[in-house]
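In my numbering, the protein residues as written are 30 to 233.
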């Protein structure tokens, strides 16, 4: 009887994580964590350790899909775009800079600081928290995670996120419409009819 693919992937993950953790431990580098005290990036990794990390990432993605099963995987993927709502909310209203990393606040204080509805603030931030951006250590209390700390302290990362959620994401629904309207076109002005792609092109 052949080894189930899930077992093969589990072995790959276990071996790869062991390689990564051994290197981090020998380098006195903290293990991966979303805790605010964790480093924002990995240190420079030797090729074999970098390859192990990539192998673990790829294997966990496949294992996740297999454990969901074909139906749940396909249907679940169709809802992944909702994750962008939480990130767009954080970017548009500059939530990451309402309070500094290392301190705590409340949903009410965040809403007041940005003149937002408190219930909507709770919904969007809790959505983002499912992706490890911010954390709720106690009910109603908001604290930074390692991910939201990046947005608070790294203006380049914050700008990249803003570009993704404000400029790129809104153009995606128009891609197939443009393909149908101008099949096979390579012209830069034959884009989605929302005009967002035109605006994006002028940025460059």
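Yeah, the Cβ is synthetic: ideal placement off N, Cα and C, and Gly gets one too. Bear in mind that the values here come from a model prediction, so they are computed numbers and not experimental data.
Jot down the residue ranges of each uninterrupted beta strand (DSSP E) in the region 68–148, minimum 3 residues, whole runs only, in chain order. 133–135
Do you know offhand how far residue 140's Cα is from residue 168's? 16 Å
Do you know whose CA, among 197, 156, 126 and 152, lies nearest residue 143's CA? 126
Identify, in the order they occur along the chain, each residue of the same chain with its Cβ nearer than 6 Å to the Cβ of residue 161, setting aside the five sequence neighbours on each side. 63, 174 and 176
Under a three-way DSSP split, which group does residue 170 fall into? strand
Where residue 159 sits in the DSSP three-state scheme: coil
Please work out which residues of its chain come closer than 6 Å, Cβ to Cβ, to residue 194, disregarding the five sequence neighbours upstream and downstream, and give them in chain order. 113, 116, 117 and 120
Collapsed DSSP secondary structure at residue 164 in the structure displayed: strand
Backbone secondary structure at residue 52 - three-state DSSP: helix
Do residue 133 and residue 172 have their C-beta atoms within less than 8 Å of each other? yes
State the Cα-Cα distance for the pair residue 87 and residue 202, rounded to the nearest angstrom. 27 Å
What's the C-alpha gap between residue 102 and residue 108? 10 Å
Pick from 130, 170, 83 and 188: whose alpha carbon is nearest that of residue 147? 170
Would the C-beta of residue 92 count as close to the ligand MG, meaning under 7 Å from any of its heavy atoms? As for the ligand MG, it is missing from this structure, which has no ligand bound.
Residue 178 versus residue 190: straight-line alpha-carbon distance, rounded: 13 Å
Environment of residue 43 [buried if 16+ CB atoms lie within 10 Å]: exposed
Hey, residue 68 and residue 56: beta-carbon distance below 8 Å or not? no
Is it right to say residue 104 is buried, meaning 16 or more other beta carbons lie within 10 angstroms of its own, or is it exposed? exposed
Compute the Euclidean distance between the alpha carbons of residue 33 and residue 84, then round it to the nearest angstrom. 18 Å
Does DSSP classify residue 35 as helix, strand or coil? helix
Output yes or no for whether 8 Å exceeds the beta carbon distance between residue 35 and residue 78. no
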